[in-house]
Each structure stands twice: as structure tokens, then as C-alpha cells.
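Undergrad:
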């Protein structure tokens with residue numbers, strides 16, 4: 031690349047000439063390392079520089095099929111070189127026909143698994159508008175390697191993502207049929223295993239097949255548009271026929287319920303099931319609407335029977351996308367009430383064994399406050415208990431859970447003036463929150479969390495400065511709190527600095543960090559730099 035900066039297009043021409051002479055000479059071409067070295071040169075340039083206007087690349091595309099890929103290392107490099115030219119191929123689709131057969135030959139070889147599949151994925155993503163004529167060949171080879179288990183599970187997921195891009199580009203009327211052909215063998219296998227007695231072998235197989243579906247649905251987007259002006263179409267519900275993914279999900283819904291009935295106590299299987307719907311709703315957005323009622327009911331049932339964080343995370347996605355659609359929010363509101371009630375029971379019994387549930391639960395309620403805060407007007411939602419759950423969680427040793435609690439309280443405080451029930455709870459119990467935050471700053475939590483605690487203090491000072499002043503004064507009067515390392519004068523200075531700051535997030539963070547170091551006895555030490 032340094033040489034390219036000096037020579038520019040001349041270097042490409044030089045590499046091309048050398049490669050051409052090398053491949054025409056049988057004796058030279060037997061030395062595969064020389065061919066590979068030249069390909070690395072093309073690959074580096076194509077990955078870094080826009081080669082769209084180069085007159086050398088068409089010739090390179092013509093030469094690549096002449097390369098003997100019997101050597102695995104050379105074949106790997108050939109695949110990656112083709113992948114590096116995916117954007118160029120998107121602008122020159124007439125060249126696809128000459129290069130795709132080579133990629134498909136690589137796809138059937140287990141030793142070329144990573145390079146061939148990643149290259150096919152890049153081509154399907156970048157060239158999706160022109161890949162239709164080759165769809166049958168790609169699908170045939172892909173279906174064959176999937177059924178024969180040629181590749182490891184993780185590469186199969188990549189392959190399914192590639193096929194999702196491919197199917198997205200086909201005419202709408204073709205997609206459902208091709209989708210059925212692709213997934214039917216896997217659904218049949220899933221059905222057979224769903225009716226077997228649970229064991230370790232069929233568990234892995236079930237998770238694998240659910241993963242294939244998740245990967246496929248994460249990229250199968252019928253609304254994907256060529257440019258940003260058409261992209262607005264994604265933001266409104268489709269008025270056309272039902273999305274093929276939704277049709278398939280409805281068809282396999284009872285099978286998924288059967289799997290859940292046997293594997294409900296296995297968090298990995300439940301997570302894999304939730305991932306299928308999570309990837310679908312993220313990709314389909316409003317087109318996922320026909321599934322909301324069914325899915326909300328199922329999530330409520332599985333969480334009530336055996337609470338798992340993945341059900342809460344999936345509900346967060348539903349809230350995020352359907353918060354403004356009242357006919358969907360009725361189902362989601364009922365689901366949230368069930369999830370909240372069940373989670374309260376976990377907190378009453380002792381939440382320390384379930385930091386993941388506490389984390390996801392608070393993320394869910396932060397999302398509700400952000401997207402659909404009118405849910406808190408409901409008498410069925412016990413805001414006071416929710417507040418206490420947040421207080422308990424902010425004292426957890428697990429960093430992600432504390433972050434989620436801080437995020438929840440930051441959103442909570444924004445709505446205290448417009449939702450009376452939130453304001454009432456804050457008036458009565460805000461001192462508990464202030465105390466918990468100071469405890470974390472003073473050494474009760476990791477130093478990496480001081481930024482998140484400072485967000486809560488900034489939000490408190492912005493929305494209830496008079497109350498915060500009282501709470502800080504009362505709490506910090508306690509001898510030795512939050513640490514024996516800080517004096518009364520240092521506490522007083524900290525209080526004044528906090529109360530002065532209502533807008534500058536950076537300054538609040540610096541104040542909290544300095545006080546945290548004082549509390550930990552690290553001020554002035556080498557540790558204070560980290």
C-alpha cells in the first residue's frame with residue numbers, strides 16, 4: 031500500500047501483467063506462493079482503495095478462474111480476493127457469471143469454509159440487485175452443503191445470512207416458495223427432534239436449527255431499498271400481502287411451542303427460540319405486526335412458568351417498534367404487566383441469583399419510559415415496587431446490572447413531573463436512590479461505573495434540585511459514609527459542586543470521578559490515571 035501511494039494505477043498494471051505471465055507459464059504457475067503473493071497485492075488495494083475506474087480489474091476477474099485452486103492455502107486467498115472485489119462486482123454485474131462458479135466450487139469444500147462463505151455473503155449483500163439470475167445455482171449448492179453438514183455451525187449461520195440477502199432481492203412472488211424449499215428439511219428435522227425425549231444431542235441440534243432460522247431472518251428484508259429516498263418505505267407498515275417470513279413464523283409457531291413445552295427450563299433453548307423472533311422483528315419492523323398478539327401471549331406464558339432474560343429482551347424490542355400502535359400496545363401492555371408481576375416475585379424471593387433478569391428487566395422498563403410512558407398511568411403497575419427493584423439492582427456487584435439500573439433511573443427521573451405516580455415515589459424514596467448512588471461512588475461498585483452514577487446525579491439535579499440538596503446533606507452527614515477516607519469538608523465541597531451542575535455532563539463526570547478516588551484513597555496515586 032505504501033508503494034501504491036507512489037505508483038498508483040501503475041502498480042495495479044504491474045501486478046496484473048505479472049499474474050498473467052505467471053498463469054500462462056505452466057512451470058511458473060506450479061509455484062503457488064508466487065500467485066498468492068500477487069493476489070494479496072490486489073486484495074490489499076481493493077480493500078483500501080476505490081478500484082471502480084481501474085481498467086485492470088476486468089482483466090483480473092478474467093484471470094482468476096484460470097487459477098488452479100487444488101492448493102488449499104492458495105484457494106483460500108483466491109476466495110478472499112474475490113470477496114474484496116464484491117463492491118466492484120456490484121457496479122459491473124455482467125462479470126458475476128464468470129466468477130460465481132468458482133465461489134460455489136469453494137463452497138462445497140469444508141477446508142475453504144470460512145473464506146468461501148464470507149465471500150459469498152459479501153457478494154450476496156453487495157450485488158443483491160443483480161444476483162437474481164444466479165439464485166438457483168447458489169441456493170442449490172447451499173442447500174446441499176447445509177443438509178450434508180459440510181460446514182461448522184458458525185459458518186452455516188453466515189451462509190444463511192448470505193441466503194437472506196439473496197432471497198431479499200428476488201421478486202416477491204418467488205420468495206415464499208424458495209424460502210420453503212430452503213428451510214423445509216431443517217423444519218422436518220426440528221419437528222422430529224421436538225417429539226423426542228430431551229437429551230444433550232438433540233438439544234444442540236435444536237439450537238443449531240433455530241440459529242439457522244435466526245440468521246436467515248436477520249437479513250431477509252423484503253423492504254430493503256436501493257437508496258435512502260426509497261428507504262423511508264421501511265418506516266411505515268406495509269400495505270401489501272403478508273411478509274414471507276411472517277407466513278413461515280406462523281406456520282412453525284405450534285412447533286416452537288412444542289419445543290418450549292419440553293425445554294422450558296433450559297435457558298439456551300429458550301434463548302435460541304427468542305432469537306428467531308428477535309432477529310425477525312428487528313429486520314421486518316412494522317411488517318412483524320401480525321405476530322405480535324401470538325408472540326405476546328407466548329412470552330407471558332413462558333416467563334410466568336420459568337423466567338428468563340431473553341423473554342424480557344424480546345419484549346423490549348416489541349415495545350421499541352410498536353410503542354406508537356395502540357392496537358398492538360394493548361397486547362404488549364398486558365404482557366408487560368405479567369412480566370413485571372412475575373419479576374417482582376423474583377425480587378421478593380432474592381434476586382441475587384438472577385443478575386441477568388434484573389438487568390433485562392430494568393432495560394425493558396427504561397425502554398417503556400422512553401417509548402410508551404403512558405403505560406405508567408395504569409393502576410396495575412406498582413411503581414413503588416419497581417423503584418425498589420431499581421435500588422436493589424444498583425447495589426449488585428455485576429457491572430451490566432448496575433449500568434441497566436442507572437439507565438432506568440435516568441429515564442425514570444425525566445418523567446417525574448408529567449407522571450404523578452413517579453413523582454410521588456421519588457418524593458418519598460429519592461433519598462434511598464441518592465444513598466445507593468453515593469455508596470457505589472464511594473467504593474461499593476467498580477470505578478468504571480462512576481460515569482453512570484454521575485448521569486443519575488445530573489438527572490436528579492436537573493429534575494429535583496431542592497430535594498437533591500436535602501438528600502445529599504442528610505446522607506453525607508453520616509460519619510464514615512460513603513467512606514472513611516473523606517472529611518466533612520470534602521463532602522461539603524462535593525455537594526456544592528454537584529448542586530452547581532445541571533447541564534454539563536462532562537463536568538459532572540469529572541467531579542464524581544475525583545470524589546470516587548478520594549473515597550477509595552487513590553487520589554494522587556498512579557491508579558488515578560485509569
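In the numbering used here, the protein residues as written are 31 to 560. For glycine and all other residues, C-beta sits at the position ideal for the given N, C-alpha and C.
1. Excluding the 5 residues preceding and the 5 following residue 384 in the sequence, name in chain order all residues of the same chain whose CB lies nearer than 7 Å to its CB.
2. Report the three-state DSSP secondary structure of residue 338 (helix, strand or coil).
3. Which of helix, strand or coil does DSSP assign to residue 179?
4. How big is the Cα-Cα spacing for residue 539 and residue 438?
5. Return yes when the C-beta of residue 402 is under 7 Å from any heavy atom of the ligand NAD, and no when it is not.
6. Can you tell me where the alpha helix (DSSP H) with residue 164 in it begins and where it stops?
7. Around the Cβ of residue 81, are there at least 16 other Cβ atoms within 10 angstroms (buried) or fewer (exposed)?
8. Give the DSSP-derived three-state secondary structure of residue 55 in the structure shown.
9. Given residue 453, which residues of its chain have a CB within under 6 Å of its CB, disregarding the five upstream and five downstream residues?
10. Looking only at its chain, what residues have a beta carbon closer than 7 Å to the beta carbon of residue 152, apart from the 5 residues adjacent to it on each side?
11. Just tell me which of 483, 83 and 160 has its CA closest to the CA of residue 535.
12. Tell me where the alpha helix (DSSP H) around residue 538 begins and ends.
13. Go ahead and pull the three-state DSSP assignment for residue 366.
14. Around the Cβ of residue 541, are there at least 16 other Cβ atoms within 10 angstroms (buried) or fewer (exposed)?
15. Return the CA-CA distance between residue 390 and residue 108, expressed in angstroms with no decimal places.
16. Determine the direct distance from the alpha carbon of residue 213 to that of residue 178, and round the result to whole angstroms.
17. From the beta carbon of residue 356, is the nearest beta carbon of chain C less than 8 Å away?
18. Given a threshold of 16 other Cβ atoms within 10 Å of its Cβ, counted over all protein chains shown, does residue 353 qualify as buried or as exposed?
19. So, with DSSP's three-state summary, where would you put residue 258?
20. Do residue 424 and residue 380 have their CB atoms nearer than 8 Å?
21. Do you know whose CA, among 63, 123 and 75, lies nearest residue 97's CA?
22. Under the three-state reduction of DSSP, which class applies to residue 219: helix, strand or coil?
23. Can you tell which of 529, 533, 481 and 496 has its C-alpha closest to the C-alpha of residue 546?
24. Count the other CB atoms, across all protein chains shown, that sit within 10 Å of the CB of residue 356; report buried if there are 16 or more and exposed otherwise.
25. How would you call residue 531, buried or exposed, if buried means at least 16 neighbouring beta carbons within 10 angstroms?
26. Comparing C-alpha positions only, which one of 194, 128, 89 and 32 sits nearest to residue 247?
27. Is the beta carbon of residue 330 less than 8 Å from the beta carbon of residue 368?
TA: Based on what the coordinates show:
1. Taking the chain shown and counting its residues from 1, the one referred to as residue 384 is at position 354. Apart from sequence neighbours up to five positions away, the residues of its chain that approach residue 384 with a beta-carbon distance below 7 Å are 376, ordered along the chain.
2. Within the chain shown, the letter at position 308 stands for residue 338. In this structure, residue 338 counts as coil in the three-state DSSP scheme.
3. The residue given as residue 179 occupies position 149 in the chain shown. Coil, per DSSP.
4. Here the question's residue 539 lines up with position 509 in the chain shown. Here the question's residue 438 lines up with position 408 in the chain shown. One C-alpha to the other measures close to 18 Å.
5. No copy of the ligand NAD occurs in the structure displayed, which carries no ligand at all.
6. The residue you call residue 164 lines up with position 134 of the chain shown. That residue, residue 164, is in no alpha helix (DSSP H); it is neither H nor E in DSSP.
7. If you number the chain shown from 1, residue 81 lands on position 51. By the 10 Å Cβ count, residue 81 comes out buried.
8. Translated into the one-based positions of the chain shown, residue 55 becomes position 25. Residue 55 falls in the coil class under three-state DSSP.
9. On the chain shown, residue 453 is found 423 positions in, with the first residue counted as 1. Within the same chain, residue 453 has close Cβ partners 446.
10. As a working note, residue 152 is residue 122 in the chain shown. 113 and 116.
11. The residue given as residue 535 occupies position 505 in the chain shown. Taking only the C-alpha atoms, the option nearest residue 535 is 483.
12. Within the chain shown, numbered from 1, the residue matching residue 538 stands at position 508. Segment 535-549, the alpha helix (DSSP H) holding residue 538.
13. To locate residue 366, count along the chain shown from 1; it is residue 336. Look at residue 366 here: in three-state DSSP terms it is helix.
14. Against the chain shown, residue 541 aligns to sequence position 511. Classification of residue 541: buried, given that the 10 Å Cβ count is 16 or more.
15. Taking the first residue of the chain shown as 1, we reach residue 390 at position 360. Taking the first residue of the chain shown as 1, we reach residue 108 at position 78. If I take the Cα positions, the gap works out to 44 Å.
16. Mapped onto the chain shown, residue 178 falls at position 148. Mapped onto the chain shown, residue 213 falls at position 183. If you take the alpha carbons of residue 178 and residue 213, they lie about 14 Å apart.
17. Structure shown: chain C not included; a single protein chain is present.
18. One-based indexing of the chain shown puts residue 353 at position 323. Residue 353 comes out buried.
19. Translated into positions along the chain shown, residue 258 becomes position 228. For residue 258, the pLDDT reaches just 35, beneath the cut-off of 50, and the residue's location in the model is therefore unreliable, although a value from the coordinates is still provided. Looking at residue 258 - three-state DSSP - the assignment turns out to be helix.
20. Taking the chain shown and counting its residues from 1, the one referred to as residue 424 is at position 394. Taking the chain shown and counting its residues from 1, the one referred to as residue 380 is at position 350. Cβ atoms of residue 424 and residue 380: not closer than 8 Å.
21. Translated into positions along the chain shown, residue 97 becomes position 67. The shortest CA-to-CA distance from residue 97 to any of 63, 123 and 75 is the one to 63.
22. Counting from one through the chain shown, the residue named residue 219 turns up at place 189. In the structure shown, residue 219 adopts helical secondary structure according to DSSP, grouped into three states.
23. Within the chain shown, residue 546 is the residue found at index 516, counting from 1. It is 481.
24. In the chain shown, the residue the question calls residue 356 occupies position 326. So residue 356 counts as exposed.
25. Mapped onto the chain shown, residue 531 falls at position 501. Flag for residue 531 reads buried.
26. Counted from its first residue, the chain shown places residue 247 at position 217. Checking every option, the nearest Cα to that of residue 247 belongs to 194.
27. If you number the chain shown from 1, residue 330 lands on position 300. If you number the chain shown from 1, residue 368 lands on position 338. Yes, Cβ-Cβ distance for residue 330 and residue 368 is below 8 Å.
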